[in-house]
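Number of protein chains: 2
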Amino acid sequence: MTRILGIDPGSQRTGVGVIEVDGAGRLTHHFHAALMVAGEADFPARLKRIFDDLNAIIADYRPTECAVERVFMARNADSALKLGQARGAAICAAVSRGMAVHEYAATEVKQAVVGSGRGDKTQVQHMVGVLLGLKGPLQADAADALAIAVAHAHTRSSLERVGVARSAWRRR
Amino acid sequence: MTRILGIDPGSQRTGVGVIEVDGAGRLTHHFHAALMVAGEADFPARLKRIFDDLNAIIADYRPTECAVERVFMARNADSALKLGQARGAAICAAVSRGMAVHEYAATEVKQAVVGSGRGDKTQVQHMVGVLLGLKGPLQADAADALAIAVAHAHTRSSLERVGVARSAWRRR
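Listed in order, the protein sequences are those of chains A and B. Residue 0 is where the first sequence starts when you use numbering that gives the first Met the number 0, and the numbers rise one by one after that. Residue 0 is where the second sequence starts when you use numbering that gives the first Met the number 0, and the numbers rise one by one after that.
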């Protein structure tokens, strides 16, 4: 049994999801939320909210591994700077609690969840609900966070099956 | 007496400085360093280094206010994302210890240190050394961090002199 924290960081909304994967690759949903941080007084206060809320979620659900989406290209320098700060706060919350952080490209996440690197957002949201047995529509950022956690669960299960040493893939 | 932490965040090197300002605006140097984080195994490990090292410095020197440079325009989206993450980690270290974080534009920092918004880097480094009574050349990022702390010291002294309520400028 491994608990995985998936994070989809953003300076307006940060998606969070916690799932569990057993030795056979079976998934269980534990938690999801979208942290709405746009209403905070200033940008440092937003970062504090992301950091504090993630810390509280980690303390409550005790995940041991963390997965975030790898960002290849942001729209422009200004949005990249904002996204980077939110991402820095989120990753800090995980690493300051001793968790390993794994990064996955958007195509890897789609591949794991919808079986193709070219699935669209709605398809990903729908399939995350199906895979985790959730009823009703999921908030978009929370769904993305769960999808990233699912991608990590699949990757670690496959690697364990082909006998890659734990220490090796923790370094990837 | 107020202790100020100045930070010049960067994903390769993060400059840090701690100074003290008294009621008359007199400055005392306490600490400066450049955290060299480029050698870490991966990017999350760099963010952890920035976060952990700043936490240790804050625990040792107990500054109560923090100042960072405001970033207007990064060179490109990729460097903005890296800078943003380093900045997010640095700001998190300060806000997670309850410090208020103040942002200053590069021109405000230059104005405070060399008396003109158009001073060049070498001039800023030289004047920081003079203002704080330091001997010998300063590492560039550490000098920038001290300069940002000096800018905050000057701003808060001027505001206190003109009688702006503490609560008002803490919100700026």
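Glycine included, C-beta positions come from ideal geometry on N, C-alpha and C.
With respect to chain B, the C-beta atom of residue 36 of chain A has no partner C-beta closer than 9 Å. In chain order, 66, 67, 68, 69 place their CB closer than 8 Å to the CB of residue 102 of chain B, counting only its own chain and leaving out the 5 sequence neighbours on each side. Boundaries of the beta strand (DSSP E) harbouring residue 99 of chain B: 99–103, taken from the DSSP string. Here the alpha carbons of residue 145 of chain B and residue 155 of chain A stand approximately 45 Å from one another.
DSSP, read as helix, strand or coil, puts residue 107 of chain B in helix. Three or more beta-carbon pairs separated by less than 8 Å link the stretch 10–29 of chain B to the stretch 75–86 of chain B, which places the two stretches in contact. Taking 9 Å as the Cβ-Cβ cut-off, the stretch 74–94 of chain A approaches chain B at 74, 75, 76, 77, 78, 79, 80, 81, 82, 83, 84, 85, 86, 87, 88, 89, 90, 91, 92, 93, 94, given in chain order. Here the stretch 92–99 of chain B makes contact with the stretch 41–56 of chain A; the two share three or more CB pairs at distances below 8 Å. Listed by position along chain A, the residues whose Cβ is nearer than 7 Å to that of residue 43 of chain B are 90, 94, 100.
Cβ-Cβ distances below 6 Å link residue 30 of chain A to 17, 60 in the same chain, with the five nearest sequence neighbours on each side left out; the list follows chain order. Measuring C-alpha to C-alpha distances from residue 136 of chain A to each of A:149, A:122, A:147, A:148 identifies A:122 as the nearest. Residue 4 of chain B has a beta carbon lying at 9 Å or more from every beta carbon in chain A.
For residue 35 of chain B, the enclosing beta strand (DSSP E) covers residues 26–35.
Going by C-alpha positions, residue 141 of chain B is about 18 Å away from residue 153 of chain B.
Excluding its 5 nearest sequence neighbours in each direction, residue 127 of chain B has C-beta neighbours in its own chain below 7 Å: 112, 137, 142, 145, 146, 149, listed in chain order.
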